[in-house]
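A short worksheet on the structure shown next.
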């Protein structure tokens, strides 16, 4: 073989091998966060009772819509052993005195315990629901104990309301499955056919979600892949001075606080004159971020009265779990004179500082 050709082929082989070896060692370039965009959230039909909950990721210009009633229980993926009930569907849970799921039925459990009507609301009703502040240590279902005998049976109403039917109620008992999961026993309240499923923790998600009829279902995106949620949800209101009671609100916006998302509300007025358009990184020192899930909550809109619709003087600063900071404003919700369609709110956001 011609020496020149041989050397050329050898060199090509060395280059190919070097390129192949090096390719596995080179990290893929990081995808930069979005500079901002506008989105119309896909809440679905139902107006103030819109069918979907929507999860929004600003850095990816992405939204995920899921039917609010598609799940009932959420199994926490963090260090604690906690089980959430679906606040988007107004689900409630009441403890029994029994640790034997087969011993609980409608003859020895008062189903009216799970009745919540506007005419009978009280602070006592809060115990049926998960904490309105979103604190994982304040779920309606007590922490799942490592001592099996301490874990009582609960009766769950997938959609708590003014009327309750025993046919719609489920009984559950949850225990720890080692250090990495949960064992769930469940059945209809008067059904002797108790089913069992093991649900493993997944640290990539805040919760693993479960439907009594569909099993494990996809609901929230990975905890790193969403910043706020929007939808109808169990919440609270005041029935007189200091008399707070559970109440269901439409158009609530929550932070992904369990993943570290923070926010601050900005109101343009006498003491703060910087508008949404003017706000930039130089103004960050004038605000105080909070990890409170309800920082936005219902503060961005009114659903009744002469000022129904978005509050144009308000906007929000959001710091996501990757430390990207955005400014957010609500453009329309379909009430008053703000335009839009109820159930399909319109938002606008802009990157202020990259994480």
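Residue numbers (mature numbering (1 follows the signal peptide of the UniProt record, and there is no 0)): -23 to -1, 1 to 332.
Idealized CB from N, CA, C, for every residue including glycine.
Bounding residues of the beta strand (DSSP E) (the contiguous stretch that carries residue i)
i           : result
residue 371 : Outside the shown range of the chain (-23 to 332) lies residue 371, about which nothing can therefore be said.
residue 206 : 205 to 215
residue 261 : Here residue 261 belongs to no beta strand (DSSP E), and DSSP marks it neither H nor E.
residue 253 : From DSSP, residue 253 is part of no beta strand (DSSP E); its letter is neither H nor E.
residue 223 : 221 to 232
residue 325 : 323 to 330
residue 162 : 158 to 165
residue 12  : Run containing residue 12: none; DSSP gives neither H nor E here.
residue 81  : Segment: none, residue 81 is in no beta strand (DSSP E) and carries neither H nor E.
residue 192 : 192 to 194
residue 75  : That residue, residue 75, is in no beta strand (DSSP E); it is neither H nor E in DSSP.
residue 40  : 39 to 44
residue 65  : Note, residue 65: premise wrong, no beta strand (DSSP E); not H, not E.
residue 34  : 29 to 34
Contact set for residue i: own chain, Cβ-Cβ below 6 Å, skip 5 residues either direction
i           : result
residue 118 : 60, 70, 131
residue 162 : 78, 150, 171, 173
residue 202 : 34
residue 51  : 61, 184, 186
Distance between residue j and residue i (C-alpha atoms, nearest Å)
i           : j           : result
residue 309 : residue 228 : 12 Å
residue 321 : residue 20  : 5 Å
residue 8   : residue 326 : 18 Å
residue 112 : residue 147 : 25 Å
residue 230 : residue 100 : 23 Å
residue 41  : residue 264 : 29 Å
residue 226 : residue 10  : 32 Å
residue 284 : residue 82  : 49 Å
residue 153 : residue 275 : 36 Å
residue -21 : residue 200 : With a pLDDT of only 45 at residue -21, under the threshold of 50, the placement of this residue in the model should not be trusted; the figure read from the coordinates follows. Each residue's alpha carbon lies about 60 Å from the other.
residue 282 : residue 313 : 9 Å
residue 36  : residue 13  : 8 Å
residue 258 : residue 329 : 6 Å
residue 337 : residue 248 : Because the chain here runs from -23 to 332, residue 337 falls outside it and cannot be looked at.
residue 286 : residue 268 : 26 Å
residue 221 : residue 297 : 30 Å
residue 80  : residue 233 : 38 Å
residue 137 : residue 215 : 19 Å
residue 295 : residue 31  : 17 Å
residue 168 : residue 144 : 10 Å
residue 193 : residue 116 : 20 Å
Which listed residue (the options) has its alpha carbon closest to that of residue i
i           : options            : result
residue 164 : 270, 151, 238      : 151
residue 84  : 166, 120, 208, 122 : 166
residue 142 : 280, 319, 92, 50   : 92
residue 289 : 11, 305, 136, 330  : 305
residue 315 : 249, 199, 278, 273 : 278
residue 134 : 239, 105, 221      : 105
residue 333 : 120, 206, 109      : With the chain running from -23 to 332 in the structure shown, residue 333 is simply not present.
residue 16  : 115, 53, 39, 26    : 39
residue 236 : 26, 183, 62, 221   : 183
residue 47  : 240, 65, 253, 292  : 65
residue 331 : 302, 307, 192, 51  : 302
residue 155 : 268, 122, 253      : 122
residue 176 : 53, 31, 324        : 53
residue 76  : 87, 88, 246, 125   : 125
residue 180 : 191, 197, 189      : 197
residue 271 : 157, 242, 190      : 242
residue 25  : 208, 192, 139      : 208
residue 140 : 68, 50, 300        : 68
residue 293 : 254, 280, 299      : 254
Same chain only: Cβ atoms within 7 Å of residue i, ignoring 5 sequence neighbours per side
i           : result
residue 28  : 21, 22, 44, 45
residue 120 : 57, 58, 59
residue 318 : 311
residue 244 : 290, 291
residue 128 : 76, 121, 122, 150, 151, 152
residue 246 : 290
Sheet register partners of residue i (DSSP bridge)
i           : result
residue 287 : 278
residue 240 : 267, 295
residue 56  : Partner(s): none; residue 56 has no beta bridge.
residue 70  : 133
residue 302 : 296, 330
Same chain only: Cβ atoms within 8 Å of residue i, ignoring 5 sequence neighbours per side
i           : result
residue 260 : 251
residue -18 : Only weak support exists for where residue -18 lies, its pLDDT of 41 falling under 50; the coordinates are left without a value.
residue 223 : 93, 98, 102, 103, 105, 106, 109, 211, 212, 213
residue 323 : 15, 16, 17, 18, 307, 308, 309, 310, 317
residue -2  : Note that residue -2 scores 47 on pLDDT, short of 50, meaning its location in the model is unreliable and no value can be drawn from it.
residue 89  : 141
Contact with chain D by residue i, beta-carbon distance below 9 Å
i         : result
residue 7 : Chain labels in this structure do not include chain D; a single protein chain is all it has.
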